[in-house]
Structure formats: C-alpha cells, structure tokens
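Inspection log for the structure reproduced underneath, given as structure tokens.
Below you can see the structure in the form of structure tokens.
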C-alpha cells in the first residue's frame, strides 16, 4: 500500500478501539465482501462519513453501543459504479447507479434481525460507494460538509488488530471529541445550502453545538436554502422533529434565520395594519405580554413534554396512544412528527384574521381555517403526500373543537361521538394538540380558569374513543341497504343522514341494538331529525 498518511496539517490519528460498534461493523458479512472486492480489484477503499464519526463518538463514550448507522459510506479510489455492481452481485443485493457522472452507486442488502427469532424479519443496510474526489482521500475529505464527517478509515485497517489509523486532514476527531460542528471551507454552503439545515439536525441528533463562525455563515446565507428542493428540506426538517426535544432546535432554526425561509408565513412580508410583525409579534387576545411565536414554540414544547409523560397522564391508554403516534404516514414520517409540526403552525393564520372590537378586545375569527389553508400550502412546498397533508390540515383546522366543546354546559357522548366521526383518525391527534395548546397558555391569562376542565374533557374523550367509539364504528347496528328495504326508499343522501342519526342516538344510549334501530325507523321520528 502506498498511502500518504501524513497531510500538511499532520492530522493522522491512531486510536486503539474496543467498541461494540466497530466489532459489529467488522462482523457484517457485507463489509467483509467489500474488503474482498477491493482486494480483487486492487483498489483502496475507505470507510467515510457518519459511520466513522459514530465509531469515534463511541470510543469517547458518547454513543451507546449497537449496530450504529445502517447507511455505510465508502470512498473508492477507482470506479465506484463498477465496484458497487461487483459488491451487489456478490451479496445478492439491489444495485443502483445513483450518479454516473460523479461515479456514485448504492447497494441495498437485507440482514436478519438479530433480536428476532423469526428469520423472515429483516433490516435494510445501505452501502453507498463514491469515487474519491480530487487526487487523494485527503482532498475528498476537505470537500465534505462538516469536519466531524471528514474522517476516513482505510478498510484494510479495520480488519487489523492494531490501533485504527484515522485519516483526518481537517481536525474532525478533535471536533468530535469537543462536540462542535464546523466547516473546513465556507464554500460547502454554496455547494449545497441544505447543509445549513443539516447542521441543526446534527446538533439535535448528536447533542453537538454549531461553532460561532458557522452560525454567522448560516445567518448570512439562510436565504440560499430556497434553492434546495422541497423534498430534501422536508427530510431534514422531519429528522429534526423526530427528536424528543425538537422545540430547542426549531427555536435554533428561527434564531439562525432559517425558519423564515422554510415557513415564510412565520414572518409574512406584507402585514395588515392591525398586525405587529407576523406570527412572532401578534398578541394573543387582550393578554398583551403573550406573543404568538412564544405560544407556538411553547405549544410544541408542551406537546413534547406531554408525549414524554403519556404513561403518567393516561395510565390506561398510553400504549395505544404510543402506537397511534408511531404510525408511519408517508416518507418514513410518523404521526407524532406531523403532530409536532401541526402544533407549531396551528395558529399561523392569526395575523391575517386579527380584528379589534369596539371595546378594544382582539379577536381572530376563523383563524383555524386560514391556518389550515396555510398548512396545506406548506405541505405542497415540502412535497408531503396526501395522507400527511390531510392529517396536518385536519389537526390545524379542528384544534379548537375540544375547547369549543368544553364551553357547553354538558358534553354528552353524542357530541363526543360526532367529534370523532367527523375528525376520523385524526381525532386523537387533535385531542393531544388541544391539551398542549391550553397548557401552553398557562400563566398568560388565556384559559387559566378553565384549563383543568378542558384537559379533563379531553381525557374523557380519549377514554370514550377506546372504550366505545371504535366498537361502535366497527359494528354498525344497521346498514343502508336495510334502511332502504325497510322504508322502501331509494339510495340518496338521506340514507346517510339516517345512519348518522341512529349511531348518534346509540352513542347517547337511546338506541342500543338493531331492534331499537328498526323501531326508531318505523316510528317515523326520523322525520323530525
């Protein structure tokens, strides 16, 4: 081997590693196959990117042991297309030429899930191969996004018993140990503006901090994120929202002037006379010290606290709620992450609906409808699918419903049934959003006197959903065909209305079985409905 180990910055580091992550990587048969192919083709191959970073983090005691990333990057000193094809054939994986011009390929393989006794359960492992840019691996590393991702390991070294010799021309190992995110060359932001958003994502996932110079660079170049496709922004944004404390990093996006580029409605360019600066400066009603941005970010924070404490809040329902929140809607995005974004933008239409009455009180009439319209536009910009768009807009449009229900003197099961029937599968998400919304206002004077009552009602609604609504909706007492046959009616919208009335009376306890439903139809009382 003829490798230039020493660079002009003398950044070769030798570390004796005894980590489960390193052992797991070595034990993967697919990685051994990559080593075999490199020997057969007589080309140098390097582990690069996040997998190397995670090895160093674990060595420093900052990462729990495990398989680590299932996305393993290799830099090839040769044709990465040919190399990837050879590996794909050898491991019987799926081969994809990602970029023929830059010589980038991917192999997707499956491994048996080690924790499962069922061999048919698999995990995907992605092996990415890219041709070294420049004249050496050091040149390639200097072109990477952040120094923490600019460390390489020759694959030959991985299978030796000696200390691992990391190639580190940018000081990445020191930055990893100091938990700091830096760029080696500020030109990497121009090369790919999405890296600004990725920096925040790494802060969130790794619990690192962006250094001062990179912060300034992001603030100065935030507008360039608009050059990035909605799909790529979507993936990074929801990666941030997937964290348990995403409110911290959404606030970071705002502080670094990125959030206004992704969700410009947060600071609308044209402001009606009664507004005070977009969402960030609109006052909440007559409680003049509680501003809308603070409420929005606090709602997200309160929601995350609620999710963290589901077992305490809902001891009999938390497992069912966790399952509902974990449901993947589209694009590997869960209901929980969509709910988080909805909590951030649930009041985003208030600046466009602010009105003062003759007594000087502020009102936001129909703000939930305007907010839902804005949410739908955001979904389209982020290239979110129909399932997510439907869920997001439903949550935003209906987030006031539990609060409005609580204003009634008595809320019966009929009203709760109607809510869940109309809200459909988003009903539970709306309930959680409503709890977060009212608790985010505590201390502001808004709902302070009624917050406990509202939260109590929402808990009752959630119990009703699992105890009664699911059973009732899955086992209707009577069908539309039976109604048409019994009453000699033709198909039409009135059949649907009759079915609704029967089920609402069932929820109220007036009708309990099919015989009751038939008596109701025969009585002609439905004519008064």
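Residue numbers (our numbering): 804 to 1332. Note that the Cβ used here is the ideal one computed from N, Cα and C, for glycine as well. Quick caveat: nothing in here was measured; it's all calculated off a predicted structure.
Review point. Thinking C-beta only, is residue 828 closer than 8 Å to residue 837?
Key: Position 34 of the chain shown, counted from the start, is the residue given in the question as residue 837. Position 25 of the chain shown, counted from the start, is the residue given in the question as residue 828. For residue 837 and residue 828, no; Cβs fall outside 8 Å.
Review point. When DSSP labels each residue in this structure, what does residue 954 get in the three-state scheme?
Key: As a position in the chain shown, residue 954 is number 151, starting the count at 1. It is coil, neither helix nor strand.
Check your understanding: CA-CA distance, residue 1148 and residue 1101?
Key -> The count along the chain shown starts at 1 and reaches residue 1148 at position 345. The count along the chain shown starts at 1 and reaches residue 1101 at position 298. Each residue's alpha carbon lies about 11 Å from the other.
Exercise for review: Give, in chain order, every unbroken run of the alpha helix (DSSP H) that is at least 4 residues long and sits entirely within the stretch 1174-1227.
Suggested key: Unbroken alpha helix (DSSP H) stretches of 4 residues or longer found wholly inside the stretch 1174-1227: 1189-1201, 1204-1209, 1216-1226, given in chain order.
Exercise for review: List the endpoints of the continuous alpha helix (DSSP H) containing residue 944.
Suggested key: Sequence index remark: in the chain shown, residue 944 carries index 141 (1-based). Residues 940-945.
Check your understanding: Which whole-angstrom value is the C-beta distance of residue 1297 and residue 1217, which I expect to be below 8 Å?
Key -> Looking up residue 1297 in the chain shown gives position 494. Looking up residue 1217 in the chain shown gives position 414. The pair is not a contact, with the Cβ atoms about 20 Å apart (cut-off 8 Å).
Point to revise | Minimum C-alpha distance to residue 1045 - residue among 1170, 1322, 1139 | key: Against the chain shown, residue 1045 aligns to sequence position 242. Ranking 1170, 1322, 1139 by Cα distance to residue 1045 puts 1139 first.
**Study point:** Through-space distance from residue 1227 to residue 1115, alpha-carbon basis
**Key:** Taking the chain shown and counting its residues from 1, the one referred to as residue 1115 is at position 312. Taking the chain shown and counting its residues from 1, the one referred to as residue 1227 is at position 424. The C-alpha of residue 1227 is placed about 26 Å away from the C-alpha of residue 1115.
Review point. At a Cβ threshold of 8 Å, is residue 894 touching chain C?
Key: Note that chain C does not occur in the displayed structure, where there is just one protein chain.
Review point. For the stretch 1103-1180, which segments carrying the beta strand (DSSP E) assignment without a break, of at least 3 residues, lie completely within its bounds, in sequence order?
Key: As far as the stretch 1103-1180 is concerned, its whole beta strand (DSSP E) runs of at least 3 residues are 1131-1133, 1157-1159, 1165-1167.
Check your understanding: Going by beta carbon distance, what residues of the same chain come within less than 7 Å of residue 1214, once the five residues before and after it are set aside?
Key -> For the purposes of this step, residue 1214 is identified with residue 411 of the chain shown, where counting begins at 1. Result list for residue 1214: 1208, 1260, in chain order.
**Study point:** Short Cβ contact (8 Å threshold) for residue 930 with residue 947
**Key:** Counted from its first residue, the chain shown places residue 930 at position 127. Counted from its first residue, the chain shown places residue 947 at position 144. Not a contact, by the Cβ cut-off of 8 Å.
Check your understanding: Taking buried to mean at least 16 other C-beta atoms within 10 Å of its own C-beta, is residue 1255 buried or exposed?
Key -> Here the question's residue 1255 lines up with position 452 in the chain shown. By the neighbour-count rule (16 or more Cβ atoms within 10 Å), residue 1255 is not buried but exposed.
Point to revise | Top-ranked residue by Cα proximity to residue 1008, from 856, 1271, 960, 1031 | key: Here residue 1008 corresponds to residue number 205 of the chain shown, with the count starting at 1. It is 856.
Check your understanding: Between residue 1202 and residue 1157, what straight-line distance do the alpha-carbon atoms span, to the nearest angstrom?
Key -> If you number the chain shown from 1, residue 1202 lands on position 399. If you number the chain shown from 1, residue 1157 lands on position 354. Distance between the alpha carbons of residue 1202 and residue 1157: 18 Å.
Point to revise | Buried or exposed (CB count within 10 angstroms, at least 16 for buried), residue 1111 | key: Here residue 1111 corresponds to residue number 308 of the chain shown, with the count starting at 1. Classification of residue 1111: exposed, given that the 10 Å Cβ count is below 16.
Point to revise | Beta bridge counterpart(s) of residue 876 as assigned by DSSP | key: Start at 1 with the first residue of the chain shown, and residue 876 comes out as number 73. DSSP lists 851, 931 as partners of residue 876.
Point to revise | Coarse secondary structure for residue 978, derived from DSSP in three states | key: Start at 1 with the first residue of the chain shown, and residue 978 comes out as number 175. DSSP places residue 978 in helix when its eight states are reduced to three.
Check your understanding: Between residue 1028 and residue 1068, which are expected to be in contact by the criterion C-beta below 8 Å, what is the C-beta distance as a whole number of angstroms?
Key -> Within the chain shown, residue 1028 is the residue found at index 225, counting from 1. Within the chain shown, residue 1068 is the residue found at index 265, counting from 1. That belief does not hold up - the Cβ atoms of residue 1028 and residue 1068 are roughly 16 Å apart, past 8 Å.
Exercise for review: May I ask you to report which of helix, strand or coil DSSP gives residue 1073?
Suggested key: Looking up residue 1073 in the chain shown gives position 270. With a pLDDT of only 39 at residue 1073, under the threshold of 50, the placement of this residue in the model should not be trusted; the figure read from the coordinates follows. If DSSP states are grouped into helix, strand and coil, residue 1073 belongs with coil.
Practice item. Just the C-alpha distance for residue 1037 and residue 1185, rounded to the nearest angstrom, thanks. Key: Locating residue 1037 in the chain shown gives position 234, counting from the first residue. Locating residue 1185 in the chain shown gives position 382, counting from the first residue. Those two C-alpha atoms are separated by around 5 Å.
**Study point:** Contact between the stretch 941-958 and the stretch 974-987 (3+ Cβ pairs under 8 Å)
**Key:** A contact exists between the stretch 941-958 and the stretch 974-987.
Check your understanding: Can you check whether the CB of residue 911 is closer than 8 Å to the CB of residue 1367?
Key -> Lying before the first or after the last residue shown, residue 1367 is absent from the chain, which here runs from 804 to 1332.
Review point. Relative to the alpha-carbon of residue 1123, which residue among 1281, 933, 995, 1232 has its alpha-carbon at the smallest distance?
Key: One-based indexing of the chain shown puts residue 1123 at position 320. Comparing Cα positions, the closest option is 1232.
Practice item. Could you have a look at residue 845 and say whether DSSP puts it in helix, strand or coil? Key: Taking the chain shown and counting its residues from 1, one reaches residue 845 at position 42. For residue 845, the three-state secondary structure derived from DSSP is coil.
Point to revise | Which of helix, strand or coil DSSP assigns to residue 1323 | key: In the chain shown, residue 1323 corresponds to position 520, counting from 1. Residue 1323 falls in the helix class under three-state DSSP.
Check your understanding: Of the choices 1268, 1004, 1113, 989, whose alpha-carbon is the least far from that of residue 1040?
Key -> In the chain shown, the residue the question calls residue 1040 occupies position 237. Measuring from the Cα of residue 1040, the nearest candidate turns out to be 1004.
Review point. Can you give the beta carbon distance from residue 1144 to residue 1239, rounded, assuming they're within the 8 Å contact cut?
Key: To locate residue 1144, count along the chain shown from 1; it is residue 341. To locate residue 1239, count along the chain shown from 1; it is residue 436. With a beta-carbon spacing of about 13 Å, residue 1144 and residue 1239 fall beyond the 8 Å limit used to define contacts.
Check your understanding: Does the beta-carbon distance from residue 956 to residue 1125 come in below 8 Å?
Key -> Counted from its first residue, the chain shown places residue 956 at position 153. Counted from its first residue, the chain shown places residue 1125 at position 322. Going by C-beta atoms, residue 956 is not nearer than 8 Å to residue 1125.
Exercise for review: Measure the beta-carbon distance from residue 1323 to residue 1268 and round it to whole angstroms, keeping in mind my assumption that it falls under 8 Å.
Suggested key: Residue numbering aside, residue 1323 sits at position 520 when the chain shown is read from its first letter. Residue numbering aside, residue 1268 sits at position 465 when the chain shown is read from its first letter. That pair is no contact at about 25 Å.
Practice item. Name the two residues that bound the continuous beta strand (DSSP E) containing residue 972. Key: Indexing the chain shown from 1 puts residue 972 at position 169. In this chain, residue 972 is not harboured by any beta strand (DSSP E), its DSSP state being neither H nor E.
Check your understanding: In this structure, does DSSP put residue 832 in helix, strand or coil?
Key -> Taking the chain shown and counting its residues from 1, the one referred to as residue 832 is at position 29. Residue 832: helix per DSSP, three-state reduction.
Check your understanding: Should residue 1059 and residue 1035 be called a contact, given that it needs their Cβ atoms to be closer than 8 Å?
Key -> Position 256 of the chain shown, counting from 1, holds the residue named residue 1059. Position 232 of the chain shown, counting from 1, holds the residue named residue 1035. Between residue 1059 and residue 1035, the CB-CB gap reaches or exceeds 8 Å.
Practice item. Could you have a look at residue 1066 and say whether DSSP puts it in helix, strand or coil? Key: Stepping through the chain shown from its first residue, residue 1066 is reached at position 263. Coil.
Review point. In or out: residue 1152 buried (at least 16 other Cβ within 10 Å) or exposed?
Key: Position 349 of the chain shown, counted from the start, is the residue given in the question as residue 1152. Its Cβ being crowded by 16 or more others within 10 Å, residue 1152 is buried.
Practice item. Could you round the C-beta distance between residue 846 and residue 886 to whole angstroms and report it? I think they count as a contact, below 8 Å. Key: Counted from its first residue, the chain shown places residue 846 at position 43. Counted from its first residue, the chain shown places residue 886 at position 83. Yes, they are in contact, since the Cβ atoms of residue 846 and residue 886 sit about 7 Å apart, within 8 Å.
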